[in-house]
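Residue numbers (our numbering): 213 to 298.
Before any comments, here is the structure.
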Amino acid sequence: MQTYPLQRTFSLLAMMTLPEYIRGRRLTLAAQQLTQTDEKIIDLALRFGYETPEAFTKAFKRQHGCSPTLMRSERRPIHAYNRLSI
């Protein structure tokens, strides 16, 4: 299957684009790790595909509404993208 038809089908079924889902899912997993471990934020950023902690923090704030540091210290709720089964 070519990339475009796959992305179009995914968008129709999931009501979001494939890159949006992947980004949201990675940030969900990163938030879970952030609240369940003492792993450094920079290490989480690199593990979940971000080249800099700043890029990770910006994307994290956009999805979860707070910085990674604030989420860890205050245990804020996670805006989760759950695993999809299609």
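Yeah, the Cβ is synthetic: ideal placement off N, Cα and C, and Gly gets one too.
Cβ-Cβ separation between Tyr233 and Tyr293: approximately 6 Å, consistent with a contact (criterion under 8 Å).
Under a 10 Å Cβ-count criterion, Leu239 is classified as buried, with 16 or more other Cβ atoms of the shown protein chains found around its own Cβ. Judged by pairs of C-beta atoms under 8 Å, the region 277 to 288 does not touch the region 218 to 232, as fewer than three such pairs exist.
Residues of the same chain with a CB within less than 7 Å of the CB of Gln245, apart from the 5 flanking positions on each side, are Glu251, Leu256 in chain order. Around the beta carbon of Ala243, 16 or more other beta carbons sit within 10 angstroms, so the residue counts as buried.
Non-local beta-carbon contacts of Phe222 in its own chain, meaning distances under 6 Å to residues more than five positions away in sequence, involve Leu230 in chain order.
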